[in-house]
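Worksheet: one structure, shown below.
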Amino acid sequence: MTALKVGSESWWQSKHGPEWQRLNDEMFEVTFWWRDPQGSEEYSTIKRVWVYITGVTDHHQNSQPQSMQRIAGTDVWQWTTQLNANWRGS
Numbered sequence: 001m002t003a004l005k006v007g008s009e010s011w012w013q014s015k016h017g018p019e020w021q022r023l024n025d026e027m028f029e030v031t032f033w034w035r036d037p038q039g040s041e042e043y044s045t046i047k048r049v050w051v052y053i054t055g056v057t058d059h060h061q062n063s064q065p066q067s068m069q070r071i072a073g074t075d076v077w078q079w080t081t082q083l084n085a086n087w088r089g090s
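Positions 1 to 90 (the UniProt record's numbering) are the ones given, in order, by the sequence shown.
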């Protein structure tokens, strides 16, 4: 099987929401993706993408502001966290 190039159109088409991996019975590692409409850092003026998930990254949790990280040379921003298996969001 051929791996898709990160940020390619076919790679984006393979994304259908956050990706997750079970770590154990209680926790999942979850990666969120965002596509920069301006393209890579060569063309985009976007310097930061904030992550705000109620009950996870918001001010009610006394957590530090979270920011996605750009994958260099692409239009892809990502942020990975660990969430309890009982967590629900929409």
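For each residue, glycine too, the CB sits at the ideal point set by N, CA and C. Values in this document were obtained by computation on a predicted structure and should not be read as measured data.
With the rule of 3 Cβ pairs closer than 8 Å, the stretch 43-54 does not count as touching the stretch 5-25. Residue state for Q13 is assigned as helix, using DSSP reduced to three classes. At least 8 Å separates the beta-carbon of F32 from that of A85. Linking Q69 to R48 through their CA atoms gives a straight-line distance of about 8 Å. For the pair Y43 and G73, the Cα-to-Cα distance works out to about 10 Å.
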